[in-house]
Amino acid sequence: MTDFLMPKLGADMTQGRLIEWFKKPGERIVRGEVIAVVETDKANVDVESWVAGTLQKILVAPGGDWLPVGTPLAVIEPEAGAAAEAPPSFAAPPVAAAPKPAPPVVTPAVPAGPGAPVPAPPIPEPVSAPVAPGERVPVSPIARKRAAALGLDAATIRGTGPGGRITLDDVERASRERPAPVAPAVAAPAADKRQRMRDAIAAAMARSKREIPHYYLGTTIDLSKALAWLAEANAKLPVAERLLAGVLLIKAAALALREVPELNGFWIDGRAQRSEAIHAGVAISLRGGGLVAPAIHGADKLALPELMQRVTDLVARARAGSLKSSEMTDPTITITSLGERGVEAVYGVIYPPQLALVGFGKVVERPWAVDGAVGVRPVVTATLSGDHRATDGHRGALYLDALDRLLQAPDKL
Amino acid sequence: MSKITYREAIRAAMREAMRADPRVFLMGEDVGRYGGAFAVSLGLLDEFGPERIRDTPLSESGFLGAGIGAALGGMRPIVEIMTVNFSLLALDQLVNHAATLRHMSGGQFSVPMVVRMASGGGRGMAAQHSHSFEGWYAHVPGIKVLTPATVADAKGLLLAALEEPDPVVVLEHATLYPVEGDDTPDAPMEIGLAAVRRPGARVSLVTYGGSLPKTLKAADELAKEGVDAEVVDLRTLRPLDMDTVVGSIAKTHRAVVVDEMWKTGSFAGEVMARIMELAFDELDAPVVRVCSREVPMPYAKHLEEAALPQVGQIVAAAKGLL
Numbered sequence: 010m011t012d013f014l015m016p017k018l019g020a021d022m023t024q025g026r027l028i029e030w031f032k033k034p035g036e037r038i039v040r041g042e043v044i045a046v047v048e049t050d051k052a053n054v055d056v057e058s059w060v061a062g063t064l065q066k067i068l069v070a071p072g073g074d075w076l077p078v079g080t081p082l083a084v085i086e087p088e089a090g091a092a093a094e095a096p097p098s099f100a101a102p103p104v105a106a107a108p109k110p111a112p113p114v115v116t117p118a119v120p121a122g123p124g125a126p127v128p129a130p131p132i133p134e135p136v137s138a139p140v141a142p143g144e145r146v147p148v149s150p151i152a153r154k155r156a157a158a159l160g161l162d163a164a165t166i167r168g169t170g171p172g173g174r175i176t177l178d179d180v181e182r183a184s185r186e187r188p189a190p191v192a193p194a195v196a197a198p199a200a201d202k203r204q205r206m207r208d209a210i211a212a213a214m215a216r217s218k219r220e221i222p223h224y225y226l227g228t229t230i231d232l233s234k235a236l237a238w239l240a241e242a243n244a245k246l247p248v249a250e251r252l253l254a255g256v257l258l259i260k261a262a263a264l265a266l267r268e269v270p271e272l273n274g275f276w277i278d279g280r281a282q283r284s285e286a287i288h289a290g291v292a293i294s295l296r297g298g299g300l301v302a303p304a305i306h307g308a309d310k311l312a313l314p315e316l317m318q319r320v321t322d323l324v325a326r327a328r329a330g331s332l333k334s335s336e337m338t339d340p341t342i343t344i345t346s347l348g349e350r351g352v353e354a355v356y357g358v359i360y361p362p363q364l365a366l367v368g369f370g371k372v373v374e375r376p377w378a379v380d381g382a383v384g385v386r387p388v389v390t391a392t393l394s395g396d397h398r399a400t401d402g403h404r405g406a407l408y409l410d411a412l413d414r415l416l417q418a419p420d421k422l
Numbered sequence: 030m031s032k033i034t035y036r037e038a039i040r041a042a043m044r045e046a047m048r049a050d051p052r053v054f055l056m057g058e059d060v061g062r063y064g065g066a067f068a069v070s071l072g073l074l075d076e077f078g079p080e081r082i083r084d085t086p087l088s089e090s091g092f093l094g095a096g097i098g099a100a101l102g103g104m105r106p107i108v109e110i111m112t113v114n115f116s117l118l119a120l121d122q123l124v125n126h127a128a129t130l131r132h133m134s135g136g137q138f139s140v141p142m143v144v145r146m147a148s149g150g151g152r153g154m155a156a157q158h159s160h161s162f163e164g165w166y167a168h169v170p171g172i173k174v175l176t177p178a179t180v181a182d183a184k185g186l187l188l189a190a191l192e193e194p195d196p197v198v199v200l201e202h203a204t205l206y207p208v209e210g211d212d213t214p215d216a217p218m219e220i221g222l223a224a225v226r227r228p229g230a231r232v233s234l235v236t237y238g239g240s241l242p243k244t245l246k247a248a249d250e251l252a253k254e255g256v257d258a259e260v261v262d263l264r265t266l267r268p269l270d271m272d273t274v275v276g277s278i279a280k281t282h283r284a285v286v287v288d289e290m291w292k293t294g295s296f297a298g299e300v301m302a303r304i305m306e307l308a309f310d311e312l313d314a315p316v317v318r319v320c321s322r323e324v325p326m327p328y329a330k331h332l333e334e335a336a337l338p339q340v341g342q343i344v345a346a347a348k349g350l351l
C-alpha cells in the first residue's frame, strides 16, 4: 500500500489544493499516468503517479482546502512486483542512495527521440520514503525537536540515518529545501492566487540570494549568421511551423551544456550533483504577473521543429495553468529570455537548487567590427549566472564561448 | 622536561606526599622489599624505611581494616591492593565500614584513606587478575572513585586523593603503568572533572582509564575516514562529571561509551542512562557502548583480545551511528 502524497512541484511550493481526480477507486493506474490535477501557487498541474497499481481510496475530495506538501491524498495498491518509485521531487532531489563519503553523481539518461513521449526521469531509490500516517516514524530526539521548532512535519522528511531514521541533518536539509515555513502558509489559505505566487517567488529568490554566491558573466554574440539561416529556413516552412529565434537560443544553450556539464544539475547536500540529462527550464512570464519555469526534457536532443512545438505547447499550457508535475520539478538549468520587449541584458537569479541560469536580452542591431570594418549586425547579450560554490568564472566563460560558437553554425543546431 | 612513566608518576605522588606529611604511609602485599607487584613502590622502602612502607600478610580484609583503623586514628594511609579482583576480599571493609563511618558517627569520624588497586585485562593474567569492577565501587556513596588514564592524572589525581577527608579508591589500569608522558603536575588536581582529550564534531566517544588509549586510536582511525570524533575522558567515576559529557553531546548529538567492564551492569550503562536523563533531546542516534565480552577473562592472548574492547569495535560502533 502506498500513499499518493501532495507533491512538491518546485523548490518554492509548500502547499497545494486538489482540483480534480481522473481516477475512481478500483481503477488501474499505469506508471507515469496523470491521475489528478493540483493547484499550486503558480499553476494547475497535472500530477502523474510513479506507482503502477490500483487506486484504493481517495482521501481528499476535489476543491477542498490548501494542504501542506506531503499530505496523503489517496491510497494506491501497487502492482505485484512493481517497485514503488519516488516521484521526482524537490523534497528529495535525485540523490543516489549510496551513503557518504563518495559524492553521488546522478546520471539519468533520457532517451527522448522526436515525437516520443518523454519518459519520467529515472530517480534512484531514495534511502527511505516518507512514511504513511499511523506508521511509526523513526526520528531522533533532536531531529524531532528541531522539526517542531521549524514547523516541519517529520512524516514528510526523508530519513537517511541508520535504518532510515530521520536525523538532524535530514531536518536541516528539509528546512533548507522548504524555505517558507508550513504554518504561515497553511494559516493563510484565503490569500489570493497572485499573492501566493508572489510569496512563492519571494521565498525561492530570497533563498537563492541567501544561499547561492552568484557570479555573473556576459558576452555579446553576433546573430547575423543565425538569423540569416533562420530566415532562409522559415521561407520554406508553412507559417504555422515557422521557427522563432528564441528556439535557436534555447537549443544552443542546451547544447553548450554538453561542453560544460558542470553548470547542469543541482546543489544538494553541500555539493554539486551534475545531471547527464539536460532539462531546460524555460522561464515563462504569466498574465497578471509572476512566472514559471517548466522543463523541456532533453532539450539538447530535440530537433528545432520539435523544440519549437514544445516551447509553444509549454507556453500555452503554462498560461492556461495545466503543466505536468514532472515538468515542474526537474529542470536542470533555467533559461530566461526577455524577448522583444525586453532590455539588452538580464542578470538572472538562480532557481535553487539549480547551478546556473542563462539569460538572453533582446536582439538589437549594433555597429559591429568584423575584419577591420564596421557594419551593422544583429547582436544579443548572453549572460550566465553561476553558483560559485559549484563552478568558477573560468568554466562559465567557457560556456558562453561555446554558446557563441554554436550560434555561428546554426545549420548544425 | 624528561619523560616519566605512569608508574613513576604514582611513585612521585606518594613520595611527595610522604615527604610533606609524616602521617602518610603505604602498606600492601609486596610493596616493600619487592617494590610492589607492578614496581610502583620500587625504592620507597630505602627512602622511608619499613615503618612507612609496610609489607602486609596476604589478607586484604585484614590490612584494609588496618588502614581504616589507622585513618580513624589520625594517619593518612595509602593501601595498595594488588588487583581489583583481590579487593573483593576486602569489600566488606570498604563498603560496610570505610564508606559508612562518617554517616554512622554523625560526622564525628572520617576515614581519610586512599586505596590504590590495579585493574583491567590485556596482560595475559587470566580470570582472577584481569577484571574491571570500577562500576561496583562507583555504585557506593561515601567513597570517591578515580580512574586516571594519563601520566599527569596518575600524579595529580593521587595527590588530590591524599587530601580528601573520606575514602578514595584509585583504579590504575595495569596496561597504563609503562606508558610515558611528561608535564606532570606539582599540585593536586580537582576531583570530579572530566576532560575532552580530543575535540570533534560528529560523535562523542566517552571513556575512562585503560580504554582511553584505544579510544584515542579509534578517533584517529575515524578521522582517516572523515569522521570527526570527540573523546571525553571521565577521569572520576564518583563524582561523575556529566556536564562535560552533556556538553560534548550537545555538540555532536551522538555518543559511544567505551569501558572494559562486562556489558551487563557496566559503568557504561550508567553513563548511558544519565545521557538519556540529561540529554535526550540532544540525541540524533541511540547511545551505544563497547564493553568486554561476558566471559571470565581468557588467558590465551588471542582469546583475551577477543574478549576486550578493541579499536575496530569502537570505530564500527561510531560509524553505525552516522
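Protein sequence lines, in the order shown, are assigned to chains A and B. For the first sequence, position 15 (counting from the first letter as 1) is numbered 24 according to the working numbering, and the numbering increases by one without interruption. For the second sequence, position 259 (counting from the first letter as 1) is numbered 288 according to the working numbering, and the numbering increases by one without interruption. C-beta: ideal position from N, C-alpha, C; glycine also. Please read these numbers as outputs of a predicted model, since none were measured by experiment.
How should residue i be labelled, buried or exposed, when 16 other C-beta atoms within 10 angstroms of its C-beta is the threshold for buried?
i              : result
residue 260(A) : buried
residue 164(A) : buried
residue 194(A) : Note that residue 194(A) has pLDDT 41, beneath the 50 cutoff, so the model's placement of it is unreliable and the number below is only indicative. Answer is buried; the Cβ neighbour count reaches 16.
residue 338(B) : buried
residue 332(B) : exposed
residue 184(B) : buried
residue 286(B) : buried
residue 403(A) : exposed
residue 245(B) : buried
Compare the C-beta of residue i with all C-beta atoms of chain B and state if any pair is closer than 8 Å.
i              : result
residue 394(A) : no
residue 124(A) : Reliability fails at residue 124(A), whose pLDDT of 41 lies under 50, so the model's placement of it is uncertain and the value that follows must be treated cautiously. No, its Cβ sits nowhere closer than 8 Å to a Cβ of chain B.
residue 27(A)  : no
residue 279(A) : no
residue 168(A) : no
residue 176(A) : yes
residue 22(A)  : no
residue 171(A) : yes
Do residue i and residue j have their C-beta atoms closer together than 8 Å?
i              : j              : result
residue 37(A)  : residue 60(A)  : no
residue 318(B) : residue 262(B) : no
residue 290(A) : residue 303(A) : yes
residue 48(A)  : residue 67(A)  : no
residue 160(B) : residue 326(B) : yes
residue 18(A)  : residue 54(A)  : yes
residue 35(B)  : residue 155(B) : no
residue 10(A)  : residue 86(A)  : yes
residue 230(A) : residue 365(A) : no
residue 69(B)  : residue 105(B) : no
residue 242(A) : residue 252(A) : yes
Report yes or no: is there a C-beta of chain A within less than 8 Å of the C-beta of residue i?
i              : result
residue 309(B) : yes
residue 314(B) : yes
residue 80(B)  : no
residue 234(B) : no
residue 349(B) : yes
residue 277(B) : no
residue 346(B) : no
residue 282(B) : yes
Just to confirm the assignment, what range does the alpha helix (DSSP H) spanning residue i have?
i              : result
residue 339(B) : Premise fails: residue 339(B) is in no alpha helix (DSSP H) and is neither H nor E.
residue 387(A) : Unbroken run through residue 387(A) is the beta strand (DSSP E), 382-396; no alpha helix (DSSP H).
If I follow the unbroken beta strand (DSSP E) through residue i, where does it start and stop?
i              : result
residue 276(A) : 274-277
residue 282(A) : 280-283
Practice task
Would you check if the segment 143-152 of chain B and the segment 111-118 of chain B touch, i.e. whether three or more CB-CB distances between them fall below 8 Å?
Solution key: yes
Exercise for the section: Please list the residues of the segment 147-162 of chain A that have a C-beta atom closer than 7 Å to any C-beta atom in chain E, keeping them in chain order. Expected result: Among the chains of the structure shown, chain E does not appear; the protein chains present are A and B.
Problem - Cβ pair count under 8 Å reaching 3, the segment 146-158 of chain A against the segment 173-190 of chain A - result: yes
Practice task
Kindly confirm or deny that the segment 329-336 of chain A and the segment 309-320 of chain A touch, where touching means at least three C-beta pairs closer than 8 Å.
Solution key: no
Practice task
Report yes or no: do the segment 406-415 of chain A and the segment 42-56 of chain B share at least 3 C-beta pairs separated by less than 8 Å?
Solution key: no
Exercise for the section: Decide if the segment 63-79 of chain B is in contact with the segment 211-222 of chain B; the criterion is three or more beta carbon pairs, one per stretch, under 8 Å apart. Expected result: no
Exercise for the section: Would you check if there are 3 or more beta carbon pairs closer than 8 Å linking the segment 337-355 of chain A to the segment 249-265 of chain A? Expected result: yes
Handout entry: the segment 77-97 of chain B / the segment 53-63 of chain B touching (three or more Cβ pairs under 8 Å)
Key = yes
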